Structures are given as structure tokens and as C-alpha cells.
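Heads up, the thing below is written out as C-alpha cells.
Structure below.
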């Protein structure tokens, strides 16, 4: 009986041991499943579980933005801290405007071709598409739910206004007048500077029939001009927003005001039929023609619209040859990035070859002209200290590098010196991608002054002819 009791005890212990092992294995598997679920959730992006924000890819993007009404799209990267901070506020705005505005998000790490289509060069980038138009408006306002909602409501009002005009329907609304029937008691005039000829302090410039051509049409500045009537309540509503936008755009875009009740000839010249009417005059040489402003009436909307037009119209920066230390300092010291190409010596690559490389750089400046970058080139071995700083020269020419003089970092392109290779390198730099290794530098080197290239081929060095007979060598068989 004692043996039998001992046998049962051992058997019970074995059974309990097996149960314990099974429970341990089950708990381990459960932990792994939980971990896998967390990882998958993270990989799907910041908005994968949010039903109010559509997860956009190349397969559904075009359908999303081509729908009528207002669509807003955020381009983000999973590693971007600013994107993470904006995410909950973006979701709040989506919840508030659910059923009114479509909210979408693009993980640009996975859908980079979509970002390239719209020249996305930083994160987060937020674009607004209106009524299926392919050209978006970039949101530049505050990154909180209230500001985003306010900006989108402005876009809705604009769409309703435009549709009303097409149908021949006058729509009365508090933000602006569309048919010139503004009315009310007399009041103060549109915000403006007192006859000044510049708005360096961010004030709105008063325009008259005597100074309009000189200040607006004969200048190369970008202008937004509001035609208003002092008695118009909608103009009064615009006044503080217009003044705020002028301050924010100071030094970039000029804002002016024309009292259309006093300077009626100006109003007639630009077919002003309602108040306020805003006209856009692009930077550069002007023909006298203007374009209608079709953005919102808040300061944020005005600033976003103006900056987008300014970036689109500004010429690309010049590609300079490094002939002195001054050129290097001016192009790099205060710039976000300085792009430097080291090209082959003329003996290895004559003028046509060198100009082809410079043309590749000029093409890149057009693509990245919205960035505050300097663009330089130098022949190989002209500035050995610069090549040493950039760690260029060990793998041949041409070579391309980028310097951030403020952070004392540089990056060297390891791909091909081609249109696609340069674009990929600069795109990754502008988006802060970790695929581009950064090299610490001690600072910008001091360079000696050298002569600039005259644009010609290198002279051909002819070998000196030697009379072999003088050396006692027979020249005939």
C-alpha cells in the first residue's frame, strides 16, 4: 500500500508538472501575440486605427482627392516627432468635420511617389484639395484643431461662393460679399499705412491712382491688393485679417489697399464689381495683368495662399563657381544647406562635358528652389582643403556634397551624378531621412582666391617634336 501511495504521488506530480509547462507555454505565446499586435499597429502608421482619417496609398489617393468638396491630406513620416504631435489634433479636426471634409494621411516613407508628385520636402506637409482640382493649397497655419477647422471652413465658403456664381445665385454670408451689394453705416477705412511707399514694418500700403503703377506694376515685388469701400461691413471684417497677414508677410509679399470709392478708375481697370475684391500681382516684371485671389479671408489663409504663389513664381537660385572664400561664406554660412559639386578637371572633362554637369545642378535648383539653399561648384583640386573637409576625392569626380554650416555637418552623395541620383540624394536630405549618413566637420575652411573659368576648353598640350636623327636613331628602315 505504501508503494502504491508513493506511485500515485509521483504520478500526480508529473501531471501537475505537465500542466504547469502547458500554462507557461500558453502565457509565452500570448505575450508574443500581444507584442506582434503592437508592432503591426505601429507599422501601419499614425492613423491606421482612426476611422475619421483615411489611410491613403497610390491605389486610392487619386479617387480621394478628385471627389467634390474639400479634402485635406497630411504627408508624414513615422519617425517624425512633429508628425506625432500633430496627429491627435489632426484627428480632433477630422472628428469635428466628419461628413463635411474628407481627412486623409499618407505615410511618405511607404508612398514616396505621392510625396514626389507634390514636391513634399518636409514633415508634416498638409495639402488641401478643393472640388477635385489637382493643384492643392498648402496649409501654413497653426497646428491645432481649432485653426485647422477654421481654415477648412474658409475653403468650404469659397467653394459654395464659386458654385453659386456658376448657377447665377447670390449667396449672402457673413465673411464676404460677392455681388457688390455691401451696405451699412459709414465707418473707418481699410487698414493701411498713411501714404507710405513701403511696408517694411508689415503695414498695409495705401495705393492711389498716382502711386499704383510705380509701387505695384513697376516693382518686382509680389503684391496682393484689396479693393474696398469704407462703408462696406465685409471690408471692415477683412481689415484686421488683412493687417495681420501684412505683418506676417513683411519682407516677402506686399499687401496694399485701394479705396475703390475714391479711385474709381483703378477699380474699373481691374473690373472690380464687389467689395472687397482682392487681386494678385506676381513677382518680377509685370504686364499690368492681375489674377483673382481665390483663397480664404482669414490671415492664415491669406498668408498660405501668398507664400504658395511666391514659392511657385520665384526664380531658381544661381549656381556659383567657388573662386573666393567670400563666395563660400555667403552661400553657406547662413543657409539651411549648401550644395557643393566638385567637377572633373578640364583636361579630363572639356567645356561641353563640364556644362552638362552644371546643367544638372541648375535642373536641381528648379526642383528645390523653395528651399533656402546655396548652390556652388568648383573644379577638382582647385580647393584641396575644401575637398578634405568634405571627404571628397577618394572615389572620383564628379562628386556632390551638402553642408549644414550651422550644425557643422555634411553629407556626401554616394550614388551616380545624374538627374535621378542628385534628386534622390537631395530629396532624402530635405526630408531628413536617415539613409544619408552625416559627417561632422570642424567648420568651413579658409579658401584662397582663384581665377574663374572662362567657359572655354583647356588648351591642348602638344608634345614637342624631337629630331631622332640628332640622337643617332635611324628613322628609315
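Residue numbers (the working numbering): 135 to 611. Note that CB positions come from ideal geometry on N, CA and C, so glycine has one too. Since the model is a prediction, treat every value here as computed from it, not as a measurement.
My guess is that residue i and residue j are in contact by the Cβ rule of under 8 Å, so how many angstroms apart are they, rounded?
i	j	result
residue 516	residue 584	5 Å
residue 204	residue 261	Rounded, the Cβ-Cβ distance is 11 Å, inconsistent with contact.
residue 242	residue 211	6 Å
residue 372	residue 410	5 Å
residue 477	residue 513	6 Å
residue 264	residue 293	6 Å
residue 445	residue 504	4 Å
residue 536	residue 473	5 Å
residue 288	residue 408	Going by Cβ atoms, the distance from residue 288 to residue 408 rounds to 18 Å, so no, they are not a contact pair.
residue 113	residue 581	Residue numbering for the chain in the displayed model covers 135 to 611; residue 113 lies beyond these limits and cannot be assessed.
residue 207	residue 240	6 Å
residue 381	residue 414	In fact, because the Cβ distance is near 19 Å, the residues do not count as touching under 8 Å.
residue 104	residue 549	Look at the range of the chain in this structure, 135 to 611, and you will see that residue 104 is not part of it.
Is it the case that the Cβ atoms of residue i and residue j are separated by a distance below 8 Å?
i	j	result
residue 376	residue 353	no
residue 238	residue 283	no
residue 387	residue 351	no
residue 248	residue 198	no
residue 201	residue 266	yes
residue 270	residue 214	no
residue 509	residue 495	yes
residue 436	residue 475	no
residue 466	residue 578	yes
residue 564	residue 256	yes
residue 484	residue 401	no
residue 468	residue 274	no
residue 438	residue 272	yes
Mapping the DSSP letters down to three states, classify residue i as helix, strand or coil.
i	result
residue 499	helix
residue 332	Low local confidence applies: a pLDDT of 41 at residue 332 is under 50, so the model's placement there is unreliable, and no value is given.
residue 326	Note that residue 326 scores 44 on pLDDT, short of 50, meaning its location in the model is unreliable; the coordinates nonetheless yield the value given after this. Residue 326 falls in the coil class under three-state DSSP.
residue 551	coil
residue 189	strand
residue 376	helix
residue 230	helix
residue 123	Any answer about residue 123 is impossible in this case: the structure gives the chain only from 135 up to 611.
residue 362	strand
residue 239	strand
residue 521	helix
residue 208	strand
residue 262	strand
residue 222	helix
residue 312	At residue 312 the pLDDT is 36, less than 50, meaning the model places this residue with poor confidence and gives no usable figure here.
residue 321	Any reading at residue 321 is ruled out, since the residue's pLDDT is 35, under 50, leaving its predicted position unreliable.
residue 296	helix
residue 383	coil
residue 613	It is not possible to answer for residue 613, since the shown part of the chain is limited to 135 through 611.
residue 269	coil
residue 175	Residue placement at residue 175 cannot be trusted, given a pLDDT of 41 that sits under 50; the coordinates are not used to answer.
residue 290	helix
residue 339	strand
residue 356	strand
residue 513	strand
residue 301	helix
residue 350	helix
residue 169	Per-residue confidence for residue 169 stands at a pLDDT of 47, beneath the threshold of 50, marking its modelled position as unreliable; the derived number appears in the next sentence. Helix.
residue 284	helix
Any beta carbon of chain B sitting closer than 8 Å to that of residue i?
i	result
residue 257	This model lacks chain B altogether; it includes just one protein chain.
Any contact between the stretch 267-285 and the stretch 221-234? By contact I mean 3 or more CB pairs, one from each, below 8 Å.
yes
At least 3 beta-carbon pairs within less than 8 Å: the stretch 238-255 vs the stretch 411-431:
no
Would you be able to state if there are at least three C-beta pairs under 8 Å between the stretch 560-574 and the stretch 535-545?
yes
Could you tell me whether the stretch 386-402 touches the stretch 341-355, using the rule of 3 or more Cβ pairs below 8 Å?
yes
Which complete alpha helix (DSSP H) runs does the stretch 385-424 hold, if anything under 4 residues is left out?
398-403
Which runs of the alpha helix (DSSP H) at least 4 residues long sit entirely within the stretch 523-594? Give them in chain order.
553-564
Evaluate contact between the stretch 446-461 and the stretch 485-502, counting only Cβ atoms and requiring at least three cross-stretch pairs below 8 Å.
yes
Where are the beta strand (DSSP E) runs, 3 residues long or more, that stay fully inside the stretch 423-505, in chain order?
471-477
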